[in-house]
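In order, the protein sequences belong to chains A and B. Per the working numbering, residue 1 is the first one in the first sequence, and the count goes up by one each step. Per the working numbering, residue 1 is the first one in the second sequence, and the count goes up by one each step.
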Amino acid sequence: MKPKSDVLQGTLDLLVLRTLDVMGSMHGYGIAQRIQQISEDVLQLNQGTLYPALLRLEQQGWIQSKWGVSENNRRARYYSVTRSGRKQLAEERASWDRVSGAIKRLLEAGA
Amino acid sequence: MPLRRFLLRLWSQSRQSALDRQLEQELRFHLEMEAETNRKRGMNATDAWSAAQRSFGGTEQIKESYRDRRGLPMVETTLKDLRYAFRAIRKSPGFTSIVVISLALGIGANTAVFTLIDAVMLRSLPVRSPEELVSVGDASRPTALLRGGPMANLFSCPLYRRLRDENHVFTGLLASGQTGRLDVGAGSDETEKTRGRLVSANYFQVLGVTPIVGRTFYPDEDRAPGISPVVVISFDYWVNHFGRDPKIPGSTLRINGSTFTVIGVAPPHFSGEVVGSPADIWIPLSMQALVNPGDARLDRRDTNWLLCIGRLKPGVSIQRARAETVTLVQNALVDYENAAGSPDKLREIRSEQVDIASGSRGLSWIRKNDSSLLFTLMAMVGLVLLIACANAANLLLARGASRQREISLRMALGAGRARVIRQLLTESALLAAAAGITGVLLAGWGSRLLSQLASAASGPNPIPFEVDVHPNMTVLGFNAVISVLTAILFGLAPALRSTRVDITPALKENARSVSQGRWHWGRVLVVAQLALCAVIVTGAGLFLRSMAHLNSVDVGYSRRNVLVISADLAGSGYPPSQRVPVSRRLVEHLRSLPGVAGVTVSQNGIFSRLDSSTDILQVEGFVPTRKDDSSSSFDQVGPHYFQVLGVPIKAGREFDERENVSASTPVVLNETMARFYFGNGDPLGKHLLNGGDRYTVIGVVKDMKENSLKSKTERRFYGPLFQSDDTFRTLNFEVKTLGAAAPMIAAIRREIQSFDPGLKVSGIDPVNILIDQDIGGDRVIAELSRFFGVLVLLLVAYGLYGVISYTTGRRTNEIGLRMAIGADRRDVMRMVLGETMMLICTGLAIGLPAAMAVSRLIASTLAGVSPNDPLTLAAVILVMLAVGLFAGVVPAARASRIDPMAALRE
């Protein structure tokens, strides 16, 4: 069964990978908070959808997880990006740049 | 899906609950963190928690989608479906066992017949790269032995050696031929027949078969005649006769009076190149004269008995091999003519063809002979399976109808239609799988039984039908495929049908209210079953009628009390000049035996599969107009031949002890021949010319069937055997007994022993058994079609009963109403039976024309009955109506006993 992919889902992957790349190891709640903070609440994340996405990324081998203790001393699952995750991030970033650059040019060309 | 991800998911699948707990924990952590943040922003505890939940979204959906992603939903739901299906099936053991048994019979029969088809027609020889092998010569005659002149499609030794040495297309060319009867060991054990092949020394090398013990032949072991008394034995022979003795090389075997040394054992599974006739012993060609004393064939160009298999050189096509082989064979035949050949003869040789075909499946007599039998069987069991499928579909449909509320409930609770269909198909698949596995077991037994029947069916020199019927991957694959097809065939329609519901009315519906539409499908299936059943029963009827005809056909002589002894005079060491005198003495000797009414002798005899014919006959006063007009078959017979057999003499006389052959040979004609050449005129005293031989007609006898019950009687004449100068290699002695023939066999065998212990007798058989063997194939078909006919009738009767009792059951209200407004019991019975008969008549209306079309296809295998035989068709109609009555009467009676008041109140 092929996972359904849509633009949003692809974007979420990129955001998660980038967040983990910058922040190192984080738990799911932290990732959600961070994405909303950085995007200044432009990206309204339906927080629940984050977890299936994390599972998918882990199944792809792009991130890994282990259980740890949170800042308030609770058991939490921490995610971090793997080496192949970084490669994937670079690729997705390049393709995002390409696509968004193209769209931008198209909009500015004023045709 | 990449393997890694698949394995991860599979692994997750297996530790479902632990992972669920982890997810639970992770989500709870998230919600609590969020709630805490909210609290810090000043919300009270309750608001903080619900706000956290709002921004998170539905936890249950998230969990579900997480689970779907984590595990393998296919596997998960399939496991669920299977568990559910097991429970559903266990709940109705009666239904389950009927479906499984009927499908298992269908699948088993198909697998059994396919096993034989695979073994005879599809399977490759267990040798190295069988696809490179090419059979050279008529591959359907591996045991032929034809004398009289060089031939193109069956080879003599000199011709084989020439082909082997002069061709440029094969890396190796082997030859093999029949051994005739083999007496191995002490020779006292007559019940066991050892089978061997005389083979070229390169046999094992060309096939690429390496021995598991010892060695195979050296290349020079067929160079000089008679100096290499060595044999290779088969694995089975090694196991059965030598108990797997690893020190077997060097042991000796006595074969036909000569001592041979065993040098090696062939690997298991390899039983030679002749499919259907496994070999126990392989003997080098050079030893042929020792195996067949008095019949040295190695240098004879006029004795054709070898077939070849070549291994193509890399890059050589079968076309090139054919072209070169044909040229080589034609050149050889031209050389054999020694320049003496007439231009006509040479032209004829240049038009000779040689059969060259793929040799990967070896040589086989039965492949050609029994393929029509196998395909008829395959078609028959295919129909049986279809009927079993229709039956199962009907039962499922009925069950689907009674499970309507359950299904509606599941759909109302949110199960998608596809999901429910999958659930129902899983149940069908489970049933089909059980049937398929039972079918494999049935097939193992069935294919052994079939091959035994087919062996028994072959002639007096039994042509074995021994094939490896162990299920292999092809057979198991076939079984799996038909099981799956079966599941789809019988499961899909009911699944689609019973899930196509409008939920609300179905839930509200009283289970007993009138619902006609639902049974539309059931009726279609029953009619289809009835139609197919009519086809099978018609076929069975025709085969049985044909069999009855063959059993009662007038053969022209007494079937009951005549025994035929076939003796191998040449093989017993009698020189040609001694053969007639010894036959005379044996006839006298046997005649003195108590219980014997008469003894005579013939060259070809009755149902021996031997025959002689001429096509250069000139008849006094007859002008041939077609080439065929000069042909006739003939036999040479001893004194009182016709009297002993019980054949009436229509005119003149038959041979006695002393016939004068000096001026012209006396001959007796059969009636067909007398009528053909002389019409109503008197044939007695007329002259015939057969090449250089001059004949005078001394008598006419009634026609008789001597070689085949099915073919029509040919023109035939008889000459006096005792006065012939032919060198008879084998002769048949006919013994007329006073009582039943079979009990005399032992006494006659003893008598022959006392006459000459060295006389080789290849068979003492009552004539009726020889005749039975001739029609063995027909008997197999007749018996099996009777078996399947009855089976199918039972299935159909059951299916019909199911449908009728189900529909009447659901119409209880309606019937009660009818009875309440004045219908009496008889009316109700008539109504239910009438509906049953309508189904039967519809089935017949479709089935009978189909049956007539199909029976035209089997017309050639029928004897004495036309494919549209009215009696058979009438019988089919009667049987089907009887089935209808049988299936309908119980539900009809039940319906007539309905209490109107109770039914209406319900």
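Glycine included, C-beta positions come from ideal geometry on N, C-alpha and C.
Kindly say whether residue i, judged by its beta-carbon, lies nearer than 9 Å to any beta-carbon of chain B.
i, result
"R77 of chain A", "yes"
"G85 of chain A", "no"
"R34 of chain A", "no"
"S80 of chain A", "no"
"R98 of chain A", "no"
"Q37 of chain A", "no"
"Q59 of chain A", "yes"
"S25 of chain A", "no"
"S95 of chain A", "no"
I'd like to know if residue i contacts chain A, where contact means its C-beta is closer than 9 Å to some C-beta of that chain.
i, result
"T808 of chain B", "no"
"I858 of chain B", "no"
"K40 of chain B", "no"
"A18 of chain B", "no"
"R320 of chain B", "no"
"E76 of chain B", "no"
"L23 of chain B", "yes"
"V514 of chain B", "Confidence in V514 of chain B is poor, its pLDDT being 42 and thus under 50, which makes the residue's placement too unreliable to answer from."
"E466 of chain B", "no"
"E26 of chain B", "yes"
Note down, in chain order, every chain A residue with its Cβ under 9 Å from the Cβ of residue i.
i, result
"T59 of chain B", "G48"
Tell me, which residues are paired with residue i by DSSP?
i, result
"S286 of chain B", "Partner(s): none; S286 of chain B has no beta bridge."
"D568 of chain B", "B:T730, B:K760"
"W67 of chain A", "A:R77"
"S613 of chain B", "B:S633"
"N369 of chain B", "Answer by DSSP bridge pairing: none, since N369 of chain B is not bridged."
"T737 of chain B", "B:V596"
"F622 of chain B", "Bridge partners of F622 of chain B: none, in fact."
"A651 of chain B", "B:V700"
"G177 of chain B", "B:L198, B:L306"
"E588 of chain B", "E588 of chain B is not bridged to any residue."
"H27 of chain A", "A:Y78"
Find the residues of chain A that neighbour residue i, judging by a C-beta separation of less than 8 Å, and give them in chain order.
i, result
"E34 of chain B", "Y29, Q47"
"Q8 of chain B", "Reading off the sequence shown, one finds Leu at residue 8 of chain B, where the question assumed Gln. The answer, in chain order, is Q59."
"I62 of chain B", "G48, T49, Y51, P52"
Note down, in chain order, every chain B residue with its Cβ under 9 Å from the Cβ of residue i.
i, result
"R74 of chain A", "F29, E32, M33"
Give me the chain A residues within the contact set of residue i, using Cβ-Cβ distance strictly less than 7 Å, ordered along the chain.
i, result
"F56 of chain B", "Q47, G48"
"R5 of chain B", "Q59"
Can you determine whether any heavy atom of the ligand ADP sits closer than 8 Å to the C-beta of residue i, and answer yes or no?
i, result
"L669 of chain B", "With respect to the ligand ADP, the structure shown offers nothing to examine, as it has no ligands at all."
Whole beta strand (DSSP E) runs in the segment 662-720 of chain B with 3 or more residues, listed along the chain? 665-670, 687-690, 693-701, 716-720
Answer yes if the segment 48-64 of chain A comes into contact with the segment 54-67 of chain B, meaning at least three C-beta pairs across the two stretches below 8 Å, and no otherwise. yes
Are three or more beta carbon pairs between the segment 563-573 of chain B and the segment 695-703 of chain B nearer than 8 Å? Pairwise C-beta distances place the segment 563-573 of chain B out of contact with the segment 695-703 of chain B, as fewer than three of them are shorter than 8 Å.
Hey, which unbroken runs of the alpha helix (DSSP H) at 4 residues or more fall wholly within the segment 195-269 of chain B? As far as the segment 195-269 of chain B is concerned, its whole alpha helix (DSSP H) runs of at least 4 residues are 203-207, 235-242.
Stretch-stretch touch, CB-based, cutoff 8 Å, three pairs: the segment 864-884 of chain B with the segment 535-549 of chain B: yes
Within the segment 748-791 of chain B, ranges of the alpha helix (DSSP H) (whole runs, at least 4 residues): 767-774
Answer yes if the segment 836-846 of chain B comes into contact with the segment 881-891 of chain B, meaning at least three C-beta pairs across the two stretches below 8 Å, and no otherwise. yes
Should the segment 290-300 of chain B be called in touch with the segment 236-244 of chain B, which here means at least 3 C-beta pairs below 8 Å? no
Would you call the segment 768-784 of chain B and the segment 665-675 of chain B touching, i.e. three or more CB-CB distances under 8 Å? no
What residue ranges within the segment 19-69 of chain B form continuous alpha helix (DSSP H) runs of no fewer than 4 residues, ordered along the chain? 45-56
Decide yes or no for the touch test of the segment 274-289 of chain B against the segment 220-240 of chain B: beta carbon pairs closer than 8 Å, at least 3 of them. yes
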